[in-house]
Amino acid sequence: DSGVTQTPKHLITATGQRVTLRCSPRSGDLSVYWYQQSLDQGLQFLIQYYNGEERAKGNILERFSAQQFPDLHSELNLSSLELGDSALYFCASSALDRGTGELFFGEGSRLTVL
Amino acid sequence: AQTVTQSQPEMSVQEAETVTLSCTYDTSESDYYLFWYKQPPSRQMILVIRQEAYKQQNATENRFSVNFQKAAKSFSLKISDSQLGDAAMYFCAYRSAAFGNEKLTFGTGTRLTIIP
């Protein structure tokens, strides 16, 4: 158990709809990362938040947005969904001190767009 | 921007044998971390082993070890005494040690099959 919690685990929706994925980081971790993994592909970095502020942005579509709340949980909002948005969405968290450098991953939210 | 390349989309090995997965990366930085993550059919991302660039000694975790060649920007994973439970996708990943650049950059993965 990594200590990172993601909900929901599975989500099926239709094109054009909007969904929200939720992530609770490990206790004490201020930094949250979102990644997208399409079928049989690598993990693509979407966005990172640190203590409520956006810290780094990757290949995130304009239809997607994220935020991190004062209690440090984060939400990834996906709107105007397309078939190609079907993927596994991972949240990860880390401390920002040098530490081990490791990111701790949740179990992912599998989104299916029909 | 850093890039990570895994040139072997698929590998297979006989149970109890040894297999090596390759990874190369491109960076202009001198201080960074390298990781191997395992993703079994459950799709959970599991850390296998990590290496800090300033440490010359190769990391080892039980049956897993790495060959870190900093000058060549190479980071291969050796799995000894392969077991059926080792079957998974393996991803090589890079993380800068620079403040403000903490994300992981992943390779495209190698699917490892264990032959009984």
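Read top to bottom, the protein sequences are chains A and B.
Counted the way my numbering counts, the first sequence spans residues 25 to 138.
Counted the way my numbering counts, the second sequence spans residues 49 to 164.
Glycine included, every Cβ here is placed at the ideal spot set by N, Cα and C.
Keep in mind that this is a model prediction, so the values were computed, not measured.
Per DSSP, the bridge partner or partners of residue i
i, result
"Leu85 of chain A", "Looking at the DSSP assignment, Leu85 of chain A forms no beta bridge with any residue, so it has no partner."
"Asn101 of chain A", "A:Thr44 and A:Ser89"
Range of the contiguous beta strand (DSSP E) that encloses residue i
i, result
"Ala22 of chain B", "Nothing can be reported for residue 22 of chain B, as the shown portion of chain B is limited to 49 through 164."
"Cys47 of chain A", "Val43 to Ser48"
"Ser60 of chain B", "Glu58 to Gln62"
"Val28 of chain A", "First-last for Val28 of chain A: undefined, no H or E at that position."
"Phe154 of chain B", "Leu152 to Phe154"
"Ser118 of chain A", "Ala111 to Ser118"
"Leu138 of chain A", "Unbroken run through Leu138 of chain A: none, as it is neither H nor E."
"Thr161 of chain B", "Thr158 to Ile163"
"Ser55 of chain A", "Ser55 to Gln61"
Cβ-Cβ distance between residue i and residue j below 8 Å
i, j, result
"Gly125 of chain A", "Arg143 of chain B", "yes"
"Gly52 of chain A", "Ala119 of chain A", "yes"
"His97 of chain A", "Ser26 of chain A", "no"
"Leu105 of chain A", "Ala90 of chain A", "no"
"Leu82 of chain B", "Gln104 of chain B", "no"
"Asn83 of chain A", "Leu63 of chain A", "no"
"Gln72 of chain A", "Lys151 of chain B", "yes"
"Leu127 of chain A", "Tyr57 of chain A", "yes"
"Ser55 of chain B", "Ser78 of chain B", "no"
"Asn110 of chain B", "Ser124 of chain B", "no"
Proximity test, residue i beta-carbon vs the ligand SAM heavy atom, cut-off 7 Å
i, result
"Ser55 of chain B", "Summarising the ligand content, the structure contains no ligands, and the ligand SAM is consequently not present."
Unbroken stretches of the beta strand (DSSP E), 3 residues or longer, contained in the region 77-125 of chain B
The region 77-125 of chain B contains these whole beta strand (DSSP E) runs: 80-87, 94-100 and 112-117.
Taking any Cβ of chain B, which residues in the region 47-66 of chain A have a Cβ under 9 Å from it, in chain order?
Residues passing the 9 Å Cβ filter: Ser55, Tyr57, Tyr59, Gln61, Asp64, Gln65 and Gly66.
Please list, in chain order, the residues of the region 97-128 of chain A that have any C-beta partner in chain B closer than 9 Å.
Answer set for the region 97-128 of chain A: Leu112, Phe114, Ala116, Ser118, Leu120, Arg122, Thr124, Gly125, Glu126, Leu127 and Phe128.
Please name the residues in the region 130-144 of chain B whose beta-carbon is closer than 7 Å to at least one beta-carbon of chain A, in chain order.
Listed in sequence order: Phe139 and Arg143.
Counting only Cβ-Cβ distances shorter than 8 Å, please list the residues of the region 143-163 of chain B near chain A, keeping chain order.
Here the close residues are Arg143, Ala145, Phe147, Gly148, Asn149, Glu150, Lys151, Leu152, Thr153, Phe154, Gly155, Thr156 and Gly157.
When Cβ atoms are compared, which residues of the region 92-119 of chain B fall closer than 9 Å to chain A?
Taking a C-beta cut-off of 9 Å against chain A, the contacting residues of the region 92-119 of chain B are Gln92, Met93, Ile94, Leu95, Arg98 and Glu100, listed in chain order.
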